[in-house]
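Mind the numbering: the sequence shown is residues 1 to 360 in the working numbering, read in order.
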Amino acid sequence: MSVIDVHTHVYPPAYMDLLRSRNAVPYVRSFPDDPAAGDRLVILPAEDTPSTFRGRPIGPEYYDIKEKISFMDAHGIDISVISLANPWLDWLPPSSASETARAINDDVERVCAESGGRLYAFGTLPLSAPAEEVVAEVARLSKLKHMRGVIMGSTGLGSGLDDPALEPIWGALEKCEQLIFLHPHYGLPSSVYGPRADEYGHVLSLSLGFPLETTIAMTRMFLSGVFDRFPNLNVLVAHSGGTLPFLAGRIESCIAHDAHLKKGGISKKRRDLWEVLKKNIYLDAVIYNEVGLSAAIAASGADRLMFGTDNPFFPPLDPEEPVWPSVTLNSYAVEGAVDKREDREAIMGDNARRVLRLPG
Ligand code: URA
Ligand code: ZN
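Here you go:
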């Protein structure tokens with residue numbers, strides 16, 4: 001069985017230089033009041049405070065490609081489809097976004113080309129730039145040999161994925177047959193975590209904020225009719241779709257019972273969410289348990305799930321531990337949830353090979 005990891009991140013050296021040059025989120029620095037903590041990666045909006053969640057340690061596993069290959073070897077991963085980690089280029093000034101995107105995408109393409117077939121990638125879009133520049137980068141990426149789509153957050157051009165200004169970009173992605181890897185970053189407003197949030201480290205924002213952000217972004221995209229206007233657009237949704245597989249029935253029921261939508265707020269000829277889940281949506285298998293994985297398979301089908309690790313996030317807390325439980329939890333979930341051998345092989349690698357046109 002070959003294993004392909006579709007959810008695995010890097011910060012290429014050019015991006016690390018940008019992070020080290022900054023003092024506002026996102027940035028990398030050490031803190032004089034806590035020198036033992038070493039360099040910290042501070043990327044999430046809520047973690048820029050002296051708290052139990054002030055960034056996370058950052059070492060070469062985030063930017064040294066040799067570390068990625070060693071991680072793959074240690075965990076039996078044949079091919080990785082790498083992507084820039086959040087918050088991508090969302091925060092760049094419009095004037096430098098396209099040039100930076102081209103430099104980073106070219107850097108990643110070169111790393112893949114030098115990997116002897118082990119690495120492919122999702123490119124990054126300059127989403128703070130004018131839409132026509134984003135469209136140009138989509139077209140350029142589709143000609144790079146190792147690029148297999150684009151990674152994108154939930155804010156789109158700044159107003160979310162139901163923004164009409166995104167239409168030319170959806171059109172370009174559909175025309176160039178580029179898969180969108182939709183990944184969270186912003187979570188939920190920190191007020192929802194309450195006055196005791198500091199007692200819970202990163203748990204609430206990563207286990208709940210991330211998947212709910214993804215679920216809301218996808219639902220807005222769906223409600224605004226994007227999948228009716230771009231029926232061949234394909235989205236790989238991170239973390240097994242957030243909570244979309246679990247909540248799709250409730251979303252459809254709320255649509256059916258909404259008087260405003262009945263009056264014309266939504267197309268009568270719309271495709272329903274169950275159809276979109278089976279025709280336009282792929283889900284990664286980064287859910288760490290067979291209960292969630294079974295819901296994802298029930299919603300989209302075993303032919304639309306793809307194994308992932310989220311490396312280098314979620315390292316073992318014991319640095320001597322060679323095998324990462326954040327990886328084995330996902331592979332054990334596939335073994336536990338899926339009866340047929342060919343379905344297990346599909347999720348672990350064959351689906352990614354087919355959908356992303358990978359060799360082997
Ligand atoms: N935390 C992040 O900020 N990004 C990930 O991809 C995973 C965890
Ligand atoms: Zn991730």
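Ideal Cβ positions, reconstructed from N, Cα and C, are used throughout, including at glycine.
| query | result |
| --- | --- |
| Pairwise C-alpha distance: residue 272 and residue 112 | 38 Å |
| Sub-8 Å separation of residue 348 and residue 1 beta-carbons | yes |
| Rounded separation between residue 226 and residue 8 - CA only | 27 Å |
| As assigned by DSSP and simplified to three states, the class of residue 31 | coil |
| Residue range of the alpha helix (DSSP H) that includes residue 186 | Residue 186 -> no alpha helix (DSSP H), and no H or E assigned at all. |
| Residue 120 (DSSP reduced to helix, strand or coil) | strand |
| Simplified DSSP assignment, three categories, for residue 318 | coil |
| Option in 106, 141, 251, 15 with minimal Cα separation from residue 88 | 15 |
| Sub-8 Å separation of residue 162 and residue 220 beta-carbons | yes |
| Where residue 46 falls, given that 16 or more other Cβ within 10 Å makes a residue buried | buried |
| Boundaries of the beta strand (DSSP E) in which residue 8 is found, first to last residue | 4-10 |
| Residue 85 burial status per 10 Å Cβ neighbour count (16 or more: buried) | buried |
| Check: residue 238 C-beta below 7 Å from any heavy atom of ligand 2 | yes |
| Closest by C-alpha distance to residue 244, when choosing among 293, 354, 64 | 293 |
| Option in 60, 78, 33, 152 with minimal Cα separation from residue 119 | 78 |
| Per DSSP, the bridge partner or partners of residue 244 | None, per the DSSP bridge assignment. |
| Endpoints, alpha helix (DSSP H) assigned at residue 292 | 290-300 |
| Residue 39 beta carbon near ligand 2 (any heavy atom closer than 7 Å) | no |
| Inter-residue spacing [alpha-carbon to alpha-carbon] between residue 51 and residue 316 | 21 Å |
| Residue closest to residue 105, alpha-carbon to alpha-carbon, out of 125, 114, 92 | 125 |
| Span of the alpha helix (DSSP H) around residue 95 | 94-113 |
| Residue 185 burial status per 10 Å Cβ neighbour count (16 or more: buried) | buried |
| Any non-hydrogen atom of ligand 1 closer than 7 Å to residue 311 Cβ | no |
| Under 8 Å between C-beta atoms of residue 135 and residue 172 | yes |
| Those residues which DSSP pairs with residue 282 across a bridge | 236 |
| Beta bridge counterpart(s) of residue 312 as assigned by DSSP | According to DSSP, residue 312 bridges with nothing at all. |
| Which listed residue (306, 333, 334) has its alpha carbon closest to that of residue 353 | 306 |
| Endpoints, beta strand (DSSP E) assigned at residue 152 | 147-152 |
| The segment 144-151 contacting the segment 32-45, beta-carbon criterion three pairs below 8 Å | no |
| Classification of residue 22 by the beta-carbon crowding that lies within 10 angstroms, buried from 16 upward | exposed |
| Exposed unless 16 or more other CB atoms sit within 10 angstroms - verdict on residue 328 | exposed |
| Per-residue DSSP class, three states only, for residue 71 | helix |
| Residue 202 beta carbon near ligand 2 (any heavy atom closer than 7 Å) | no |
| Endpoints, alpha helix (DSSP H) assigned at residue 326 | 325-337 |
| Sheet register partners of residue 40 (DSSP bridge) | 29, 57 |
| Residue 227, DSSP secondary structure in three states | helix |
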